[in-house]
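There are 2 protein chains.
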Amino acid sequence: MAEDIAGRGDPIKTLQLMWGRVDTPKRGPKARVALTDLVQAAVRIADAEGIDAVSTRRVAEAVGISPMSFYTHIPDKSVLLDLMLDAVSGGDYPMPVFDPAQWRANVTMVASEFRKYYIAHPWVLQVSTHRPVLGPNTMKSYEVFLSALDGLGLDEIEMDMSVTMIANYVFGAARDVARSRMVKEQTGMSDDEWWYAIAPFLETLDYSPYPVASRIGPVVGELYGLGDPDRAFDFGLERILDGLAVMIEGKGGP
Amino acid sequence: MAEDIAGRGDPIKTLQLMWGRVDTPKRGPKARVALTDLVQAAVRIADAEGIDAVSTRRVAEAVGISPMSFYTHIPDKSVLLDLMLDAVSGGDYPMPVFDPAQWRANVTMVASEFRKYYIAHPWVLQVSTHRPVLGPNTMKSYEVFLSALDGLGLDEIEMDMSVTMIANYVFGAARDVARSRMVKEQTGMSDDEWWYAIAPFLETLDYSPYPVASRIGPVVGELYGLGDPDRAFDFGLERILDGLAVMIEGKGGP
DNA sequence: GCACAATCTCGTACGGTGTAAAGAGTTATT
DNA sequence: AATAACTCTTTACACCGTACGAGATTGTGC
């Protein structure tokens with residue numbers, strides 16, 4: 000049940016697989032399945048049943064080979080995770096053309112697209128990439144993010160750090176959004192039911208050590224009900240855009 | 000190797016354990032170990048060897064009981080994870096008293112404290128809490144965050160959403176900071192060595208689909224070397240503070 | 001055609017995991 | 001003394017990732 004760690008396998012081999020740079024062998028029998036079959040089967044399992052359900056045996060079975068034949072195609076499971084991450088990275092949409100004059104709308108669009116992507120593949124939020132996954136789709140995501148901030152007078156480092164900041168925020172916020180959906184599916188207990196179940200206990204607690212929280216909590220439903228993650232996402236994004244605007248306007252603007 | 004999921008066990012039982020609300024049984028032999036012994040042993044293992052090393056058997060062995068005796072004290076592993084999370088939540092520092100006039104410094108302090116906390120216990124970043132961990136320490140963290148934003152003219156919902164935004168950003172940014180440290184410890188390969196190993200391959204790629212990235216990447220070392228996560232953290236935090244300032248000043252300020 | 005090397009596939013096996021089930025021992029109540 | 005409540009333990013099961021080695025299949029060089 001530990002965290003899946005991507006980027007642990009042989010880096011070069013992983014990159015070769017990710018970019019399709021493996022020259023098909025001359026001799027020996029033809030492979031019965033392709034690499035993408037395995038990766039897509041794994042993604043399907045993860046989408047449907049969560050990342051816990053993805054085992055080398057399950058994936059092998061899904062494509063119709065024996066458990067150990069998995070290792071003919073993929074060195075080990077951590078490489079599979081890298082491949083899965085790049086396979087779905089950033090979702091599937093055409094490369095947009097951005098007008099710098101409307102950079103707020105552009106960033107909002109990219110951030111929302113990423114939030115959608117995380118919600119479509121919530122297991123991505125659970126796989127901790129300990130190295131950057133330098134695959135084609137991941138690079139495309141970086142490119143899209145950067146493009147939304149291009150032409151605003153920022154230097155290279157400011158652009159990169161801004162992308163990092165936005166991406167980090169979206170990642171964190173998407174966790175909140177995906178959380179309630181995943182738990183409901185896996186436990187059959189909705190957020191409301193959960194809060195209702197624990198409410199009697201919460202009423203017995205002494206909140207005097209938390210004066211501010213006990214003033215704020217009940218209002219927003221953080222203590223007696225979940226807040227609205229969609230609204231919180233938009234709110235945080237607006238603050239971040241305001242912060243970027245201060246910097247961009249300080250540089251002369253778009 | 001899947002993600003650890005906290006908050007799956009019986010909610011009430013988890014809360015009772017977390018708040019020490021289990022009335023000591025009248026009959027039967029005295030327990031040889033206390034709940035906190037188990038939790039602290041688990042935290043020690045996770046701090047030293049990562050969350051993967053935390054198994055019910057390991058924890059039981061660490062406190063000197065047999066594997067299955069673990070379940071006498073804790074219903075299942077997911078509850079242990081909840082208890083671990085609250086045990087370390089937010090780090091260990093006295094409750095500060097904030098001057099609203101210096102709210103930027105206050106928020107910076109809290110954010111930095113949380114970053115330190117994540118780096119001290121990087122496994123926290125890997126455990127996905129599917130429900131809020133409503134323990135005393137987690138509540139204290141929420142209280143501290145809220146206090147740093149108190150007295151600025153924000154309403155309850157704005158305060159809560161601001162805390163959520165900052166916390167989400169810190170969480171995401173701390174992942175970047177903790178990443179290189181963890182990988183170096185676990186693989187013995189530093190970031191530089193890793194980039195050096197894959198550089199020959201990266202040079203064979205066609206970057207024409209990524210015009211902006213290939214302009215930015217080499218400068219910031221995102222494509223040919225890792226950026227500086229500490230600097231990126233400070234940069235992002237400044238932007239977020241700027242964004243909050245816009246809202247706070249729009250309300251009349253502190 | 002034939003030997004050989006390369007390659008895919010597979011069966012077996014090992015040490016690990018979480019935890020269900022059932023029993024043995026200990027303590028306080030009746 | 002009997003019993004209920006409780007802790008601790010042993011055994012067992014199904015799963016996991018994957019090391020190892022044995023066929024089976026294909027192309028190459030003679």
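Protein chains in written order, with numbering that gives the first Met the number 0: chain A, 0 to 253; chain B, 0 to 253. Beta carbons are placed, not taken as given, at the ideal position from N, Cα and C, and that holds for glycine. Every value quoted in this text rests on a predicted model; they were computed, and no experiment measured them.
| Check | Outcome |
| --- | --- |
| Assuming contact is defined by CB atoms lying nearer than 9 Å, are A:L151 and A:W102 in contact in what I supplied? | yes |
| Do we get a CB-CB distance below 9 Å when we pair B:H129 with the residues of chain A? | yes |
| Against B:V211, what residues of chain A qualify as contacts under a CB-to-CB distance less than 7 Å, listed in chain order? | E142, L145, S146 and D149 |
| How is B:S127 classed by DSSP in three states: helix, strand or coil? | strand |
| What residues in its chain sit with their C-beta under 8 Å from that of A:K139, if we drop five residues either side in the sequence? | S88, G89 and M94 |
| Closest to B:M164 by CA distance: which of A:I73, A:V132 and A:G171 is it? | A:G171 |
| Please look up how many angstroms separate the CB atoms of A:A86 and A:V62, rounded, as I've assumed it's under 8 Å. | With 8 Å as the limit, A:A86 and A:V62 do not qualify as a contact, their Cβ atoms being about 15 Å apart. |
| Give the straight-line distance between the Cα atoms of A:V245 and B:V245, rounded to the nearest whole angstrom. | 9 Å |
| In whole angstroms, what is the alpha-carbon distance linking A:S65 and A:L37? | 12 Å |
| For the pair the segment 199 to 212 of chain B and the segment 197 to 212 of chain A, tell me if three or more CB-CB distances fall below 8 Å. | no |
| Nearest by alpha-carbon distance to A:I118: which of A:R180, A:M160, A:K29 and A:P10 is it? | A:R180 |
| Would you decide whether A:M83 is buried or exposed? Buried here means 16 or more other CB atoms lie within 10 Å of its CB. | buried |
| Can the beta-carbon of B:V78 be found less than 9 Å from the beta-carbon of B:K25? | no |
| Which word fits A:A47, buried or exposed, when buried means at least 16 other C-beta atoms lie within 10 angstroms of its C-beta? | exposed |
| If you drop the 5 nearest sequence neighbours on each side, which residues of the same chain put their C-beta closer than 7 Å to that of B:A177? | Y117, I118, P121 and L124 |
| What runs of the alpha helix (DSSP H), each 4 residues or longer, lie entirely inside the segment 78 to 137 of chain A? | 102 to 119 |
| Measure how close the beta-carbons of A:A33 and A:I44 come, nearest whole angstrom, since I'm counting them as under 8 Å. | A:A33 to A:I44, Cβ: 17 Å. No contact. |
| By the 10 Å Cβ neighbour count, where 16 or more other Cβ atoms means buried, how is B:A59 classified, buried or exposed? | buried |
| Using the Cα positions of A:A1 and B:I50, report the straight-line distance between them to the nearest angstrom. | In this prediction, A:A1 has a pLDDT of 38, which is less than 50 and means its spatial position is unreliable; what the coordinates show is noted afterwards. Rounded to the nearest angstrom, the two C-alpha atoms are 6 Å apart. |
| Checking contacts by CB at 9 Å: is A:W18 closer than that to chain B? | yes |
| Quick check: what's the CA-CA separation for A:L80 versus A:T128? | 9 Å |
| Which residues in the same chain as A:F232 place their Cβ atom closer than 6 Å to its Cβ, once the five residues preceding and following it in sequence are excluded? | A172 |
| Should B:R174 and A:M160 be called a contact, given that it needs their Cβ atoms to be closer than 9 Å? | no |
| Which word fits A:G249, buried or exposed, when buried means at least 16 other C-beta atoms lie within 10 angstroms of its C-beta? | exposed |
| Our contact map puts A:A162 next to A:A110 with C-beta atoms below 8 Å; I'd like the distance itself, whole angstroms only. | The question names Ala, but residue 162 of chain A in the sequence shown is Val. Rounded, the Cβ-Cβ distance is 11 Å, inconsistent with contact. |
| Taking all protein chains shown into account, decide if A:I239 is buried (16 or more other Cβ within 10 angstroms of its Cβ) or exposed. | buried |
| From B:D22 to A:L133, what does the alpha carbon distance come to, in whole angstroms? | 53 Å |
| Note down, in chain order, each residue of its chain lying with its Cβ closer than 6 Å to the Cβ of A:V106, except the 5 sequence neighbours on either side. | A147 |
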